[in-house]
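The structure appears right after this line, and notes come after that.
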Amino acid sequence: MANAPLAIPINELGMDETERAQGLARRYHAEFVDLKNFKIQHELFKTVPVDMMFRYNFVPLEQREGRLAIAVSDPSKLMVLDEISGLLGTRLITRVATLSQITDLLKKTEQSQRVLDEASEGLAFDVLSSEDNADENISIERLTSEDDISPIIRLVDTTIFTALERRASDIHLETFDDSLLVKYRIDGVLQQAMAPIAREHHQTILSRIKVMSELDIAERRVPQDGRFRVRYKGRLIDFRVSIMPTVHGENAVLRVLDKESMSEKFKKLSLDVVGFAERDLERFRRYIKEPYGMVLVTGPTGSGKTTTLYAALNEIKSEEDKIITIEDPVEYQIRGITQIPVNEKKGLTFARGLRSILRHDPDKILVGEIRDAETAQIAINSALTGHLVFTTVHANNVVDVLGRFLNMGVEPYNFVSALNCILAQRLVRQVCDFCVRDVQYSDADLIASGLEPEEWRGFNFREGAGCIECGGTGYRGRSAIHELLELDDEIREMLLAKKPGSEIRKKAREKGMAFLRDSALERVRAGITTLREINKVTFIEAGR
């Protein structure tokens, strides 16, 4: 058959597969391409039918001067190439790649996307007929009717499946006046998952998510929170669901909580893998082993504060100490630690739970987040009366924390006396190891980033070109950057005297404190992240 793929078992080729492909390229005067670092042109991929690419084992590379460049594993099959050219109606430029790389590329870029596209096919263009009322109440009977709901169930299920395949931390459903957009948050950045879905299907999709989360499908005017669980690759994964009404209808965010996977990781989790600089790691370890006081971690939502505190607890837990946590929610479970979930509907708030915890004779306490004056006061009193308290608060940097607590009405002297240290944290995306390359910046770019050209001129910055492994972003995974403020007597006195933040920062720098920007630049110097990424996450300081 002319269109049969080259039948050579990959495992028999071993390391010679690349050499064989290079030999074929030379013999047929074609260019050899290494697809490992190939940057996907998603728009070009969409112009070629997926089944055709799988059938003939080829991938489109680029469109040039009216001709389409494709990668094949065997350029000797001229009849196959003629067939592809005829079916696509365009002239071809043939390049050669290994069969395994072509197969991997097709699977990774198209398989999960194809499932999504098939599930949403028709939904993007369907319009309800005039007798259907788009605003009618959705009933359980209507939701479960075979004709109406099965494509919606398939769409929601495949959206969730694809999110898990792509390592997404959240699924966002955003409603606009004419469409519904589905986005994934991967490594902290939102990416559109599929083509926009017609606005008419919005309520049915949201109702399906509400049914899964056991929420009220008739209620559309107030926020609702729920959760559901799915089985994926043999493990249970929880989803935390938040529904929010907007001017165009309800939006939904599904947070992925992969407890089983994380529990495995957390067994081995320590501060070594969180991303501390050596000096900060040594000092932070000293503070988490103190007999009492408060260890405070600050940063925005999703900056890894909880992970850092879990890593700290994992390092210090022992059979001799009782460690109790109160969290909203308990996202990851750690053996050997008593964990209490906040339940505000039933009246179990942080403050009430914290009072009960103190009656259970704990040695160390973790308070998931300080949100109000009452919780802050109890946590501070606990730290002053012989307990080691770990907690988090939302603030931009270590110096802004005092202002947050003073605004809650906390007594400054007690707060400053209780504090052992304040750690500020952010997450930066890591360069993808599969498509990394060296780049250099001009003096103008260095100055714009607050760097001294004399120091950084000629430095090889590492950046990802974008490949199949990272979905074309150039980044894969995230690492933490930190700043750690130690509370010695001089800093405490400055805080109590309400000295300006700039003075406190200046004094802390004199004492050897490294700030978030310093930590970020260390990651750049080590080739872990890029200059663009740290400019996005931290403030550019002139004259660095």
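Be aware that the sequence shown starts at -17, since it is given in the working numbering, and climbs by one per residue. Positions of the beta carbon are idealized from the N, C-alpha and C atoms, including for glycine. These figures come from a predicted structure and were not determined experimentally.
For the set Arg49, Phe143, Ile84, the Cα lying nearest the Cα of Ser55 is the one of Ile84. In this structure, Leu236 lies away from Ile135, with their beta-carbon atoms at least 7 Å apart. In the same chain as Ile75, and ignoring 5 residues on each side of it, the C-beta atoms closer than 6 Å to its own belong to Arg49, Ala51, in chain order. Beta-bridge analysis with DSSP links Asn389 to no other residue. C-alpha of Asp198 to C-alpha of Glu182: approximately 20 Å in a straight line.
Under the DSSP definition of a beta bridge, Thr373 partners with Leu278, Val349.
A straight-line Cα-Cα distance of about 7 Å links Asn379 and Gly281. Look at the beta carbons and you see the segment 503 to 523 not touching the segment 291 to 311: under three pairs across the two are nearer than 8 Å. When rounded, the separation of the alpha-carbon atoms in Ala53 and Arg217 is 38 Å. For Pro435, the enclosing alpha helix (DSSP H) starts and ends at 435 to 438. About 6 Å separates the CB atoms of Arg222 and Leu239; that is less than 8 Å, so the two are in contact. Our two residues, Gln315 and Ser252, have alpha carbons roughly 15 Å apart in a direct line. Of the residues Met194, Phe210, Ser224, the one whose Cα lies closest to the Cα of Glu156 is Ser224. Using a 10 angstroms sphere on the CB of Asn325, the tally of other CB atoms stays under 16, which defines it as exposed. Assignment of Leu43 by DSSP, reduced to helix, strand and coil, places it in the strand class.
Contact check between the segment 476 to 484 and the segment 447 to 466: fewer than three CB pairs, one atom from each, fall below 8 Å, which does not count as touching.
Between the segment 273 to 290 and the segment 479 to 497 there are fewer than three inter-stretch CB-CB distances shorter than 8 Å, so the stretches are not counted as touching. Lys165 is bridged by DSSP to His154, Gln174.
With 16 or more other Cβ atoms from the protein chains shown falling within 10 Å of its own Cβ, Glu309 counts as buried. Straight across, the Cα-Cα distance linking Ala406 with Val255 is about 17 Å.
Here Pro273 has Gly368, Leu370 as same chain residues with Cβ atoms under 8 Å from its own Cβ, once five neighbours each way along the sequence are excluded. Here the alpha carbons of Ala462 and Ala355 stand approximately 29 Å from one another.
Taking a cut-off of 8 Å on C-beta distances, the segment 398 to 414 does not touch the segment 429 to 436, as fewer than three cross pairs fall below it. The C-beta distance from Phe416 to Leu291 rounds to 32 Å, too long to meet the 8 Å contact threshold. Scanning Glu393, Ala180, Gly231 for the CA closest to the CA of Val204 turns up Gly231.
Residue nearest to Leu87 within the set Ala502, Ile142, Gly68, Phe20 is Phe20 (criterion: CA-CA distance).
A straight line joining the alpha-carbon of Arg334 with that of Ile429 spans about 52 Å.
Between Ile362 and Asn389 the beta-carbon gap is near 15 Å, outside 8 Å, which marks them as no contact. When DSSP states are grouped into helix, strand and coil, Thr357 belongs to the helix group. Secondary structure at Asp471: helix, using DSSP grouped into helix, strand and coil. A Cβ-Cβ distance of about 25 Å is found for the pair Gly494 and Ala365, leaving them out of contact under the 8 Å criterion.
Under a 10 Å Cβ-count criterion, Asn39 is classified as buried, with 16 or more other Cβ atoms of the shown protein chains found around its own Cβ. Only buried fits Leu384, as 16 or more other CB atoms lie within 10 angstroms of its CB.
Unbroken beta strand (DSSP E) stretches of 3 residues or longer found wholly inside the segment 2 to 89: 41 to 46, 49 to 54, 73 to 78, given in chain order. Residue state for Glu196 is assigned as coil, using DSSP reduced to three classes.
Secondary structure at Pro344: coil, using DSSP grouped into helix, strand and coil.
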